[in-house]
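Asker:
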Amino acid sequence: MSSDKITSQLETAKNPEDLERIVINPLTRVEGHGKVTLLQDENLNIKQARLHISEFRGFEKFIQGRPYWELPVLVQRLCGICPVSHHLAAAKATDMIVGATELTPTAEKIRRLMHFGQTLQSHALHFFHLCSPDLLFGFDDDVRHRNIIGVIEDSPEIAKQGVLLRKYGQEVIRITSGKRVHGTGAIPGGVNKNLSKKEIDYLKSDIEQIISWSQDAVTLIKRIFSEHYDYHMSFATIDSNMMSLIGNDGAFDIYHGGLRAKDEKGKIIFDHVDYTQYGDYIKEGVKNWSYMKFPFITSLGQDDGWYRVGPLARVNNCDFFTTPMAEKERKEFIETGKGLPVQSTLAFHWARLIEVLHCAEAIKELLNDSDITGKELLNKGELQSTGIGVIEAPRGTLFHHYEINDDGIVEKANLIVSTTNNNQAMNESIRQVASQYLDGNKLSEALLNQVEVAVRAYDPCLSCATHAMGKMPLQINLVNENDELIDRLEKRVTGEINRTV
Amino acid sequence: MKSTEPFNKVAPALIFTYGNPSRGDDGLGPAMHELLEKNKQDSDDLDKVDLLTDYQLQIEHAIDLDHRECVLFIDASVSADAPYEFHQIQAERDNSYTTHAMSPVAVLDVYQQINQRKPPTSYMLTIRGYEFGLGQSLTEQAKTNLQQGYEFIKQLLVTDIEQWPEIRVSDDKDKK
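Following this line, the structure appears as structure tokens:
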């Protein structure tokens, strides 16, 4: 990979003891804690760039010892950002455990509806709240302006649409799962409720507006891209493999399908792989400087086998969308790659909004499908000891793998979350930005923000939902060449900063 | 948009709790929600209040504030004086946009911006928590604080909203 050759030399510096360590922590507008460490020499050259992310390993321990039937509800508490993704991945894994090789049409369509609602609201938040400030106002804009308030002040209608799109997706989740939070909609082998006519009419009442706003959002991102086309196509761009679920017919599918991986030229690495065999195709590598794992495609090895997941991978990988407006937008998107996959990191935003449009169209289709009012909600078969569920969460491919004992208790759990799948890719993008934009310059807030913009494009979920008021959510560490902490700044949710060493 | 309007008529007062029940004392908010729900049927005062809960606050929660006269947010805190702190809050642009979770004052600000009018009168009850590990349950001290917080809410509910600003959390020794 060409960019890999350029950037990977920055992963480990030869003489770190002579370098000044600059830590950008936290990454604003990404979930939880993230920390970027840049080592800069006396000539202000970037010698080392690494993204440190808190690992999710406590999650597996949290799950072990619990009965399998609790999993779809229990795992929602792993993350306050994408509880529905965990809910559905666990539900699919428990389908396998209870021997439900197929769901009833009603169960599958209600789960799909829930997932479209979840993806719509997650993407709406990310674009309108977290990322549009960067894109609308530029990276050099005053940091205090580049937030939702800035968007509201300058483009009140866009901001309001973002809030209402998000709310609509939440309503789809509430109605399909039964509750605003801790929903129990998906259960092993199916779902526990269908939709009533009143609920369907309620959601239908605004779906045309939602589709229209979604189309407007795609138009907006295309305008943003076209205004600074070269810049948007080159910023933090890396050549990578890409992986996603794919429908049996090659259609875009975020709920179910086989695994497809393409290389940086768009050539198939593997296709329609049964995801329960994921262990034969993907390995989780480790690095001594990070607690988070680095998954890679086994056949390519750790150096060349890392890949990207999420909207960019999904839109590049699929052969078509099943809904007309999204398909039209996909074709236009793909044309920009000129026969190759679109590798621009900022194109994540564009792909994300095409997905929003697809979700809106697909929600409309499902609301008009009488199956969602059906009475057959559950299928079951012979109990199995292994359950593996994979879905395309908003941020990318999410794996849930459980082993249970004869009493139905989880003995082993393995989760590969979307952000872990993108771990190496985010590091590569940071190195790309660091070498392209920070090298030889004095650090400024605007320049540092470009590193954050690169990471934000992936919409990483770096932690989970602990957020108590007053808890120190942000931390800045200064460590020496021996990784000894010599200074630390903590930033409270109010913005107050305290030195605690 | 019709789908942003609730199925049922909203109550003029809203108690909005938030937190993750599987994160130790971060679950104080949801635990208070449970306590209030449990006692709602037996309390005429609670019956006039809507109760909502979520993992964390986000922009769409500004819509939940529509048609309210008064909102009480309840969350855990690692820095509040035990057992709890109570104060009025105003719309404010703070730094909480830096993660996916927002502060109550930022939600009020979003409400103000998108509606071009002042948000409902709002208050914050922060209950002191101590441990926030994944899979932990509430600590004993947090449970005590929760109960005292609940008693305080009962006192609020029998007090005219206009007099809430006058209410001060007493620093009498009994409370602690």
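Quick mapping for you: the protein sequence lines, in order, are chains A and B.
Number 1425 in this note's numbering belongs to position 401 of the first sequence; there are no gaps in the numbering.
Number 78 in this note's numbering belongs to position 84 of the second sequence; there are no gaps in the numbering.
Just so it is clear, CB atoms sit at the ideal spot from N, CA and C, and this is done for glycine as well.
All figures in this text were calculated on a predicted structure; none of them were measured in a lab.
1. Quick check: T1369 (chain A) and A1260 (chain A), are their CB atoms within less than 8 angstroms of each other?
2. Taking just the CA atoms, how far does G1089 (chain A) sit from N14 (chain B)?
3. Taking one C-beta from the region 1273 to 1280 of chain A and one from the region 1213 to 1221 of chain A each time, how about it: are there three or more such pairs within less than 8 angstroms?
4. Which residue comes first and which comes last in the alpha helix (DSSP H) that contains T1243 (chain A)?
5. In chain B, which residues lie with their C-beta within 8 angstroms of the C-beta of V1434 (chain A)?
6. In the structure shown, what three-state DSSP assignment does E1308 (chain A) receive?
7. Are at least three pairs of beta-carbons, each pair with one atom in the region 1383 to 1398 of chain A and one in the region 1413 to 1426 of chain A, less than 8 angstroms apart?
8. Could you tell me if E1055 (chain A) is buried or exposed, where buried requires 16 or more neighbouring beta carbons within 10 angstroms of its beta carbon?
9. For a contact defined as C-beta to C-beta under 9 angstroms, what are the partners of R1247 (chain A) on chain C?
10. Can you tell which of B:A100, B:L22, B:A76, B:P6 has the C-alpha that lies nearest to the C-alpha of Q52 (chain B)?
11. Which same chain residues, not among the five before or five after P114 (chain B), have their C-beta less than 7 angstroms away from its C-beta?
12. Note down, in chain order, all residues in the region 1226 to 1257 of chain A with a beta-carbon under 8 angstroms from any beta-carbon belonging to chain B.
13. Are the CB atoms of N1446 (chain A) and V1333 (chain A) nearer to each other than 8 angstroms?
14. Using a threshold of 8 angstroms, state whether the C-beta atoms of Q106 (chain B) and A76 (chain B) are closer than that.
15. Give the straight-line distance between the Cα atoms of Q141 (chain B) and Y117 (chain B), rounded to the nearest whole angstrom.
16. Assign H175 (chain B) to buried or exposed, taking buried as 16 or more other Cβ atoms, counted over all protein chains shown, within 10 Å of its Cβ.
17. Could you tell me whether the Cβ atoms of D48 (chain B) and Y12 (chain B) are closer together than 8 angstroms?
18. So, does the CB of P15 (chain B) fall closer than 8 angstroms to a CB anywhere in chain A?
19. Could one say the Cβ of H1111 (chain A) lies closer than 8 angstroms to chain B's Cβ atoms, at least one of them?
20. Should A1437 (chain A) and I1121 (chain A) be called a contact, given that it needs their Cβ atoms to be closer than 8 angstroms?
21. By how many angstroms is the C-alpha of Q149 (chain B) removed from the C-alpha of K42 (chain B)?
22. What would DSSP say about D154 (chain B), mapped onto helix, strand or coil?
23. Select from the region 39 to 69 of chain B all residues with a C-beta closer than 8 angstroms to any C-beta belonging to chain A, and list them in chain order.
24. Is the separation between the beta-carbon of Q171 (chain B) and that of A95 (chain B) shorter than 8 angstroms?
25. Spatial neighbours of S1409 (chain A) within its chain, please: CB distance less than 7 angstroms, with the 5 preceding and 5 following residues excluded, ordered by chain position.
26. Please go through the same chain and pick out, in chain order, the residues whose beta-carbon is closer than 6 angstroms to the beta-carbon of H1491 (chain A), but skip the five residues on each side of it.
27. Beta-carbon within less than 6 angstroms of A1375 (chain A)'s beta-carbon, same chain only, minus the 5 sequence neighbours each way: which residues are those?
28. Roughly how many angstroms lie between the CA atoms of I1224 (chain A) and L1381 (chain A), to the nearest whole one?
29. Considering only residues of the same chain and omitting the five flanking positions on each side of A1489 (chain A), which have a CB-CB separation below 8 angstroms?
30. Using 8 angstroms as the Cβ pair cut-off and three pairs as the minimum, do the region 1280 to 1298 of chain A and the region 1312 to 1326 of chain A touch?
31. Closer than 7 angstroms, Cβ to Cβ, to anything on chain A: give me those residues from the region 113 to 133 of chain B, in chain order.
32. G1411 (chain A) by DSSP, collapsed to three states: which one?
33. What residues from chain B crowd round Q1194 (chain A), counting only those whose CB sits closer than 7 angstroms?
34. Can you tell me which residues form a DSSP beta bridge with D44 (chain B)?
35. What did DSSP end up calling I1262 (chain A) once you bin it into helix, strand or coil?
36. I want to verify the contact list: residues of chain A whose CB lies under 9 angstroms from the CB of M(-5) (chain B), in sequence order.
Answerer: In short:
1. yes
2. Roughly 20 angstroms separates the two Cα atoms.
3. Touching, no, given that fewer than three Cβ pairs across the two stretches are closer than 8 angstroms.
4. 1221 to 1251
5. Those within 8 angstroms of V1434 (chain A) in chain B number zero; the least Cβ separation is about 13 angstroms.
6. strand
7. no
8. Only weak support exists for where E1055 (chain A) lies, its pLDDT of 39 falling under 50; the value from the coordinates is given anyway. Buried, since its Cβ has 16 or more Cβ neighbours within 10 Å.
9. Looking at the structure shown, chain C is missing, and the protein chains on hand are A and B.
10. Nearest C-alpha to Q52 (chain B): B:A100.
11. L59, R62, E63, C64, V65
12. Y1226, L1227, S1229, D1230, Q1233
13. yes
14. no
15. Looking at the two C-alpha atoms, the distance is approximately 19 angstroms.
16. Examination of residue 175 (chain B) is not possible in this model, given that chain B is present from -5 through 170 alone.
17. yes
18. yes
19. no
20. Going by C-beta atoms, A1437 (chain A) is not nearer than 8 angstroms to I1121 (chain A).
21. 14 angstroms
22. Reduced to three states, the DSSP call for D154 (chain B) is coil.
23. L46, T47, D48, Y49, Q50, Q52, I53, E54, A56, I57, D69
24. Because chain B in this structure spans residues -5 to 170, residue 171 (chain B) falls outside the shown range and cannot be described.
25. Only E1427, I1428 meet the Cβ criterion.
26. Low confidence applies to H1491 (chain A): its pLDDT is 37, below 50, so where it sits in the model is not reliable enough to give any reading.
27. P1335, L1336, V1339
28. Roughly 20 angstroms between the two C-alpha positions.
29. With a pLDDT of 34 at A1489 (chain A), under the threshold of 50, the predicted position of this residue should be treated as unreliable, though the coordinate-derived value follows. Once the five neighbours on either side are set aside, the close Cβ partners of A1489 (chain A) are R1101, C1103, G1104, I1105.
30. yes
31. Taking 7 angstroms as the Cβ-Cβ cut-off, the region 113 to 133 of chain B approaches chain A at T120, G123, F126, L128, G129, given in chain order.
32. strand
33. E54
34. In the DSSP assignment, D44 (chain B) is bridged to B:L8.
35. Looking at I1262 (chain A) - three-state DSSP - the assignment turns out to be coil, as it is neither helix nor strand.
36. Within chain A, the residues near M(-5) (chain B) are L1188, K1191, Y1192, S1229, D1230, Q1233, I1234.
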